[in-house]
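Comments concern the structure below.
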Amino acid sequence: MAIRTADVIMPGNDNAFETGKRGQISSIADLDPSYRWMLEKNVTATLATIKPNGLPQLTPVWLAHDGRYILLNTKKGRLKDRNMRARPDVAILCVNPENPYHWVAINGRVVETIEETDPARGRQATENIDELARRYINTTPYPLRDPKGEVRVLVKVQPTSVMTFGPPPA
Numbered sequence: 015m016a017i018r019t020a021d022v023i024m025p026g027n028d029n030a031f032e033t034g035k036r037g038q039i040s041s042i043a044d045l046d047p048s049y050r051w052m053l054e055k056n057v058t059a060t061l062a063t064i065k066p067n068g069l070p071q072l073t074p075v076w077l078a079h080d081g082r083y084i085l086l087n088t089k090k091g092r093l094k095d096r097n098m099r100a101r102p103d104v105a106i107l108c109v110n111p112e113n114p115y116h117w118v119a120i121n122g123r124v125v126e127t128i129e130e131t132d133p134a135r136g137r138q139a140t141e142n143i144d145e146l147a148r149r150y151i152n153t154t155p156y157p158l159r160d161p162k163g164e165v166r167v168l169v170k171v172q173p174t175s176v177m178t179f180g181p182p183p184a
């Protein structure tokens, strides 16, 4: 599946914004490295889901990617989990912590969820949250589980469009 891109938005005439070149990439792995690193380092992203009343719900999230999908992890039953199951269109924003005018925004669709309780594939959800904990807070296994028990859910998002802003860092 081709992913639509709007590579760079720059200030234009009369202080308006102009879209730079538009194109397509075949996967997140093809995203320019000056933006892709924000998906590969410990940059906290913002996830937008749609609530039942149609309003957006924004949540800071940890994420990863496997070259094809954006990988998110949440506790089963949380609002973002319920929203994504009912309305699978999402948006994700990663902002460079050193330069708020350098970011990548990804629109996509949830194409798969894997719960820890799945006997065949549940281990993927556990391994993903442990890897995210190692990357974001330098510890493993993930230490913030609900002591009453919780089921983690690995969420796979298929990107449909990518927009980037700002020149690569100097």
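If you use my numbering, the sequence shown corresponds to residues 15 to 184, in order.
Using N, Cα and C, we set each Cβ at its ideal position, and we do this for glycine too.
DSSP, reduced to helix, strand and coil, places Ser48 within a helical segment of the structure shown. The C-beta distance from Pro173 to Ile64 rounds to 17 Å, too long to fall under 8 Å, and the pair is not in contact. For Thr63, the secondary structure class from DSSP, reduced to helix, strand or coil, is strand. Burial of Asn110 is indicated by the presence of at least 16 other C-beta atoms within 10 angstroms of its C-beta. Across the set Leu72, Tyr156 and Leu61, the C-alpha of Tyr156 shows the shortest separation from the C-alpha of Thr140. Using a Cβ distance threshold of 8 Å, Lys90 and Val171 do not count as a contacting pair.
Following the DSSP letters along the chain, one finds Asp95 inside the alpha helix (DSSP H) bounded by residues Leu93 to Ala100. When rounded, the separation of the alpha-carbon atoms in Ile143 and Leu45 is 24 Å. The beta carbon of Arg82 sits closer than 6 Å to the beta carbons of Ser41 from its chain, once the five residues preceding and following it are set aside; these are given in chain order. The stretch 114-126 makes no contact with the stretch 146-162: fewer than 3 CB pairs, one atom from each, lie closer than 8 Å. Within its own chain, the residues whose Cβ lies closer than 6 Å to the Cβ of Leu72, once the five positions on either side in sequence are excluded, are Thr60 and Ala62, listed in chain order. In the DSSP assignment, Gly136 falls within the alpha helix (DSSP H) that extends over Gly136 to Ile151.
Across the structure, Val125 and Ser175 are spaced so that their CA atoms are roughly 15 Å apart.
Judged by beta-carbon spacing, Thr88 lies within the 8 Å limit of Val169, meaning their Cβ atoms are closer than that value. By the neighbour-count criterion, in which 16 or more other beta carbons inside 10 Å mark a residue as buried, Leu77 falls on the buried side.
Burial state of Gly68 is exposed, judged by a 10 Å Cβ sphere holding fewer than 16 other Cβ atoms.
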